[in-house]
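In the working numbering, the protein residues as written are 95 to 407.
Virtual Cβ for every residue (Gly too), placed ideally from N, Cα, C.
Source: prediction; values computed, not measured.
Quick notes on the structure that follows.
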């Protein structure tokens with residue numbers, strides 16, 4: 095099997111441009127479905143993982159992210175501005191089972207997940223972000239998403255946050271070297287912002303878009319103050335690429351992912367609250383799709399929304 099235009103269009107419910115179609119074809123992302131024995135083995139591993147003890151997501155894992163993003167920063171500043179050095183190391187662990195369209199698959203390519211990431215980044219840039227002047231990514235990590243967007247867009251203001259300082263050092267290094275990187279039409283800036291200790295003085299520029307990509311999974315059920323912060327922002331749209339437990343179905347495939355996500359203390363309840371706000375006509379959810387998952391859960395589901403009393407770009 096091969097990831098092709100038809101599969102991606104089905105996943106996103108979008109018509110793809112020629113550029114993105116060419117990208118998909120060039121990546122040659124092959125995979126196979128697990129046979130029954132391999133599927134059963136993986137389900138058993140899922141059950142075992144759910145019963146294991148490990149450090150759940152949350153504040154206790156902050157030093158892990160500090161160390162990881164600092165490694166990316168060090169490689170970037172010592173690597174002749176090679177933006178490949180900004181790819182998180184967890185994309186370099188080799189191929190493993192993934193979740194696609196309700197089935198387990200095994201990729202042919204060691205960098206399948208990273209290459210699939212590039213497809214999502216391209217689609218977001220072209221179909222979701224281009225209309226905005228100001229693009230924020232909260233919890234931006236090593237800024238690999240912003241770099242990808244900057245390569246595909248023109249004349250944008252990129253602003254990143256994270257709860258650890260390597261992210262800020264990376265984005266400032268990008269700003270200082272943007273001419274050499276070919277990003278002269280853009281501006282880049284960043285600041286510390288901690289989901290667990292909201293700085294209420296931080297104001298998002300009106301008319302902007304805010305992206306979170308996997309960063310909110312770390313807050314578990316502690317989303318209330320962050321949601322209040324989001325709702326307090328004037329005329330801002332939001333794009334979340336996050337584990338979305340509320341989109342799982344009542345079947346074995348999805349219930350294993352749900353229980354794994356709960357055990358890991360991934361984001362839980364936030365989207366329930368968003369769906370409630372939409373039912374009360376307080377926000378408008380404009381897009382909601384499950385895309386693809388890793389071995390044990392779906393980390394890349396997309397939800398886009400904005401307040402109903404805003405005027406969107």
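> Is the region 342 to 361 touching the region 297 to 315 in the sense that three or more CB pairs, one from each, lie closer than 8 Å?
Replying inline: They touch, by the three-pair rule.
> Assuming residue 264 and residue 167 make a contact with CB atoms under 8 Å, what is their CB distance in whole Å?
Replying inline: At roughly 5 Å, the Cβ-Cβ gap stays under 8 Å, so residue 264 and residue 167 are in contact.
> Shortest alpha-carbon distance to residue 375 belongs to which of 399, 257, 123?
Replying inline: Ranked by Cα distance from residue 375, the first of 399, 257, 123 is 399.
> Between the Cα of residue 114 and the Cα atoms of 249, 218, 402, which residue gives the shortest distance?
Replying inline: Residue nearest to residue 114 within the set 249, 218, 402 is 218 (criterion: CA-CA distance).
> How is the alpha helix (DSSP H) around residue 135 delimited, first residue to last?
Replying inline: DSSP places residue 135 inside the alpha helix (DSSP H), whose first and last residues are 130 to 145.
>> Looking at the strands, I want to know which residues DSSP matches up with residue 334.
In response: Answer by DSSP bridge pairing, in chain order: 306, 397.
> Would DSSP call residue 348 helix, strand or coil?
Replying inline: Residue 348: helix per DSSP, three-state reduction.
> According to DSSP, what are the bridge partners of residue 192?
Replying inline: In the DSSP assignment, the residues bridged to residue 192 are 199.
> Taking the alpha helix (DSSP H) that residue 362 falls in, what are its first and last residues?
Replying inline: Premise fails: residue 362 is in no alpha helix (DSSP H) and is neither H nor E.
> Between residue 281 and the rest of its own chain, which residues show a CB-CB distance below 6 Å, the 5 nearest in sequence each way excluded?
Replying inline: Excluding residues within five positions, the ones whose Cβ falls inside 6 Å are 251.
> Where does the unbroken alpha helix (DSSP H) through residue 162 begin, and where does it stop?
Replying inline: Segment 156 to 172, the alpha helix (DSSP H) holding residue 162.
> With 16 other CB atoms within 10 Å as the buried threshold, where does residue 183 fall?
Replying inline: With fewer than 16 other Cβ atoms within 10 Å, it is exposed.
>> Please report the straight-line C-alpha distance between residue 46 and residue 323, rounded to a whole angstrom.
In response: With the chain running from 95 to 407 in the structure shown, residue 46 is simply not present.
> Mind pulling the alpha helix (DSSP H) runs of 4 or more residues that sit fully within the region 179 to 265?
Replying inline: Taking only runs of at least 4 residues, the alpha helix (DSSP H) segments lying wholly in the region 179 to 265 are 206 to 218, 238 to 246.
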